Each structure stands twice: as C-alpha cells, then as structure tokens.
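Read through the structure below, which is laid out as structure tokens, and then see the notes.
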Amino acid sequence: MGCMSALCIFVLYTKHLIIVYLYLTSVGLVFVSYWTNVSAIKQVQALTLVENSPHHSTSILEDVLNLNIKNLIDVDGPGILVIQNYAIQFLLAIIFKYVHLGPRHPTIQKLPTISFMAPSFLAMLPVPPNLLHHSPVFSALLPLLLVKYVLWSSAYNVIQVVYAGYQHGRLFVSNYGLSALVETEWMRLNVPCVLRVFWVLRVAEHALMLLVDNYDEEAEEGLKVSTLLAVQSLAAMTKSLLVTGCETITAVLGMTSVISFFCHYIGNFFQWILLTDEEEDKSIGTVSAILFYILALQTGLTSLNPEKRFIRLCRNFCLLFTALLHFLHNIVNPMLMSLSASHNPSTHRHIRALGVCAFLIMFPISLLVYLWSQHTISTWLLAVSAFSIEVIVKVIVSLMIYSLFLIDAYRSTFWEQLDDYVYYIRAFGNTIEFCFGIFLFFNGAWILLFESGGAIRAVMMCIHAYFNIWCEARAGWSVFMKRRTAVNKINSLREASPDQLNRLDDVCAICYQEMHSAKITRCNHYFHGVCLRKWLYVQDRCPLCHDILYKIETDGNKDNEGTEDNTNNQNLLLEEDPELLLGDPVR
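The numbering of the sequence shown is full-length UniProt numbering, which starts it at 1 and goes up by one.
This is how it looks when you write it as structure tokens:
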C-alpha cells in the first residue's frame, strides 16, 4: 500500500503535487502541535503536583499576577515550560494558517491559533488535573476538522484527476504504444535527475557518518593521524562509499544515473573536439546506463559481500569504459569518412579526428599492458582484452579506408579498384569482429557454467548469440552472395577494347568519369565495371534504356525467371549494407 501511494504521488503533475504536500504538511503540523502540548502538559503536571516540589503550592497565574519573574524564568520551574510551549504553538499556528487548504474566512483563520495555544493557557490556570491532561486532545480537534473537511470536499476532484490520468494513459497506449508512454513519462518526471539526487544525498550521508565515526577527539593525536594517513583514509572512504553506493537495487539505479550523467558529458566533450553535433550520438549516456545496469544485474552486484562487490564494481567499470571507446569510435568513424570523401580542406578538422583515433588506439593498449601486468588470466580479463583489441582493429580499419579515400581525392584519374580495396578492408574488420563475438560467446558460456550462472546472464547470452553472431553472419553472407552475383553478371558482359573506347570518346553515364576500361551491355552501352556492379545492387536493367544487362537463357521459362528476378531486385537497395552500397562515392 505504501509503495502504491508513493508511486501515485510520484507521477503527479507539479500543481497537484504541491496540493498534496500542503495537505500533508497541515496534517503534520496538527500532530506536532498535539505531541508538543502533551509533552509540555505532562512536565508541568509533574512539577506542580509533586508534594515536595517548591512549585507545588503556587500556580503559574499567581506568579504572573505577582510579577514573580524569578519563578517564571526558573529553568526547573513550570513557567519556562509554558513560555516555551507558547512560542512553539504560536509558530505552528502561523504556519498552519498559511498552508491549510480549508476555508479562509477571517474567523476561521483566528480559531486555529487559539486552539493550538489553549493547553498552554489552561496550564497557567488552577484547573482540575483531568481537564488539563485531556486539553491537548480537544485543542487538536478543530485543526483536524479543517483537515478532514479539506479531504472530503476534495474527494470528487481527486477522483476526477485519477480518472483523467487513467484515460490519458489508455488513449496514449492505444495510439503510440506502451513503450512511448513509459518514455514520455520518464522524461516528464525527470527520473534520472531524481535518481541522481537520491544517490548523491545517500552518499553524502554515508560520507558524513564515516567522518563522524573516524573523528578523533584528541586534537593532537587526530592531527598526527590525519597527516600521516590522509591518502589511505581518503582511499578507504572512497572504497566504502562505492561499496555502500550499490548495495541495493535502488542504489544501483542511482549510481547508474550518475554514470549516465558523466558518460553523457564525456560524449559531449569528444563531440566538441570533433566539431560535430549529431543528435544520434547524444544517446551515449542512455546506452552506458543500460549497459552498466545490465552488468550489475548479471553479476549479482547487490548480493556480494563488500570486498567482492568492490572488485566486481571495478571490473564492471573497466568493461563499461571499453564499451565507451566503441561508442566514441562510432562518433569519429562517420567524421573520418565524411572528411575524406568530401575532400574537406579544413586541416584542423582532420587533425582533431586523427587525434581522437590516436587516443582510441593508445588508451586500450595502455589499459591492456597495465591489466595483464597486474592481474592473472581470467574470464573477465579475456573479455576486456577482446573488447579493447576489437576497438583497436575498428579504428585501424577506419584509418585505412580514410587513407584510401584521401589518396583517391588527389588522383587525377578514376581509381576503379578503390571499391574492391574498401570492400576487402571492411570484410577483414567485420571478420575480426565476428570472431571476437564468437570468442566472447564461449567466454560467457564458461562463466555461466563454471563461475556465476543466472537467468539474466543466460538471457543476455542468447541475445548476444542472436544479434552479434547469427544476424551478423547472415548479413555478411548475404552481402557476399550479392556481391558475387553482381561480379558474375559483370563478367558475363564483353570488355571494351581500347579502339572502341577511343571511337566512343565518352564518359561513364553513372559516375561521369573518363573510361580507360569499360563493360559493354547487351544494348551496346558502355559503363565502368565497378559502377555497373553497384548499379546491379539496385536493379538488373540498363541505366539508360532499361534493357536486361546480362546474358540470359533464350528459353521462355528462363526469360520469365529472369524477369521475376529483376522484379525482386528492385528493392535490394533497402536491404543492402549502406557502406557496401555507397563504396566509392559517385563523383
């Protein structure tokens, strides 16, 4: 019930949330007033009713009338208690007048003040002990009636708000889906910021407790200890805060939000270096948060003892940072391709991109050298090594393709083999990534079977096997077969002789470059072989006259099959790998 109430309050809009907080504050003020009145009355009765007490024979009213200031301000007397309670009740009454949601009639506004201070006033009078004892209860009745009146009078509005929220959610889900509703509410409620504030406050509380516990009352000895062990104490405190910062699922969510915040600004920093502002690259914080939370659940972070939890947390940070390097490569790779393919003369943009690439190569190498020198071989170390080597290979592949495009930019003639070189380099990089994917699958299987199993790890391995192994293998094989089919189709066409090219004295109709070698179609049109191969990824007809490009069987059935095949190939562009399809840009 408490969780449901907290959830309902959490999803309220700000204007409704303020009303709820004001109502809860007014209720709290009534109970605080009641408890302080009860405490004050009990102490006053204890002092005035005790036979041997010096205040037994006198009343507070008598001291006031006689202006007996000494008795009134006596620390051990009842007078000072009544004066203190007067001040507290007056302050509570003023606050209650401003925050309660009941009627604002002037008479009603005066009654809570009188009601709050009534027990203190009765304590000054010689009234029966039973009446004085029950006076706090009667004094709380009027404010409680106001609070109850607000609750009952607002019941219809509350039902309206709840029903409107339900209708809005149901309509939103029917139009856009449940995931869209969750995403919209996540952004509206600013959940990451709430989790960050929660985690920071939690860590600050633990840090304060550690400082208080470790405080040495002897100043000289404490100064000596703090001087000698400052670094060790700081390291121990940091370790303790990290351990306690992920001891529950809610704490892990808070830490995840903090990590997402830092990763987001790391991504922004590298975007600033690269002078890019792509919206797609700004999801690095969200992806990092999801990855860290999955790692925490997969490794059972909250269930480990403090020492093992700290070690596992550090290992998860290493894995997260290597994944962050892959995200950074995804930012710099399109920049490299754009700079080289567009013949961008801006030198400083090239230097910035190459500097980031140098960092993406040197940092993983340094990390691997340190880890392998400090740790023995383990499944975790193998996983980090695989991720690090993979990002190095990806950066090297990007730099090689970038270099080829730069060389092509400074060539005065058409480089027909460029597309082949780019294909082979990318095929090499994709093959290495695929091999690492298989290696990580077997590494995870070993962990699942012999180290730390679990349903979450098993599910993640199935997802990895499907998306990173099966889908990648199927896509790679599809690209290979399409390319081989296109090459076979091109090879079925006649090669143009130098004399024919000289007599033609024309450019390729696809790329508008001079033709030093060309293929002749059945309709007697001339094209570069590589340009024609790219065209065949889209369709099988001539770009100029739309006739069939390659030789087919004369049999009618075969001709029909060729026509159907051509129809099926019309949409190959949508299924093709964009990088392979674009290859060498059309100039």
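The C-beta atom is built at its ideal place from N, Cα and C for all residues, glycine as well. A quick note: this is a predicted structure, and the numbers were derived from the prediction, not measured.
Query	Result
Got a sec? Which residues, its chain only, sit under 8 Å from L360 by beta carbon, not counting five neighbours each side?	L325, L328, H329, V332, V391, I392 and V395
How far does the alpha helix (DSSP H) with residue 598 in it reach, from first residue to last?	Residue 598 is absent from the model: the chain starts at 1 and stops at 587.
Is V11 buried or exposed, if buried means 16 or more other CB atoms sit within 10 Å of its CB?	exposed
For L297 and V194, I'd like the C-alpha separation in whole angstroms.	21 Å
Are G355 and I273 close, meaning C-beta to C-beta below 9 Å?	yes
In terms of residues, what are the limits of the alpha helix (DSSP H) holding E205?	V191 to D213
Quick one, are the C-beta atoms of T322 and L367 less than 9 Å apart?	yes
On the CB-based measure, 16 or more other CB atoms within 10 Å of its CB, does S135 come out buried or exposed?	buried
Which residue's Cα is closest to the Cα of L404: S373, S338 and E278?	S338
What three-state label does DSSP hand Y537 in the structure shown?	coil
Looking only at DSSP bridge pairs, what is Y526 linked to?	I520
Which word fits W470, buried or exposed, when buried means at least 16 other C-beta atoms lie within 10 angstroms of its C-beta?	exposed
Among residues of its own chain, excluding the 5 on either side of A473, which ones have a beta-carbon nearer than 7 Å to its beta-carbon?	F434
Let's test the definition: count the other Cβ atoms within 10 Å of the Cβ of Y98 and tell me whether it reaches 16, buried, or not, exposed.	exposed
Compute the Euclidean distance between the alpha carbons of Y23 and V147, then round it to the nearest angstrom.	8 Å
Below 7 Å CB to CB, which residues in the same chain sit around M335 once its five sequence neighbours on both sides are set aside?	L274, T276 and A353
With a cut-off of 8 Å on the beta carbons, I'd call L544 and A486 a contact; round off their distance for me.	18 Å between Cβ atoms; not a contact.
Between T48 and N85, is the Cβ-Cβ spacing less than 9 Å?	no
Please classify H16: does DSSP put it in a helix, a strand, or coil?	helix
Is V395 a contact residue of the ligand ATP, with contact defined as CB to any heavy atom under 8 Å?	Inclusion of the ligand ATP in the displayed structure is not the case, the ligand content being empty and no account of it being possible.
Out of curiosity, what's the CA-to-CA distance linking V145 and V161?	The question names Val, yet the displayed sequence has Leu at residue 145. Rounded to the nearest angstrom, the two C-alpha atoms are 24 Å apart.
Could you give the residue range of the alpha helix (DSSP H) that holds I361?	T347 to Q374
Sort out for me which residues DSSP pairs E514 with in a bridge.	V507
For I548, name the three-state secondary structure that DSSP assigns.	strand
Out of curiosity, what's the CA-to-CA distance linking H516 and F414?	8 Å
Would you list the residues sitting across from residue 589 in a DSSP beta bridge?	Lying before the first or after the last residue shown, residue 589 is absent from the chain, which here runs from 1 to 587.
Could you work out which residue in H105, I83, G102 and L111 is closest to A93 when comparing CA atoms only?	L111
Please report the straight-line C-alpha distance between I438 and F467, rounded to a whole angstrom.	12 Å
Do the CB positions of F96 and V158 come within less than 9 Å of each other?	no
Given a cut-off of 9 Å, decide if A386 and L440 are closer than it, judged by their beta-carbon atoms.	yes
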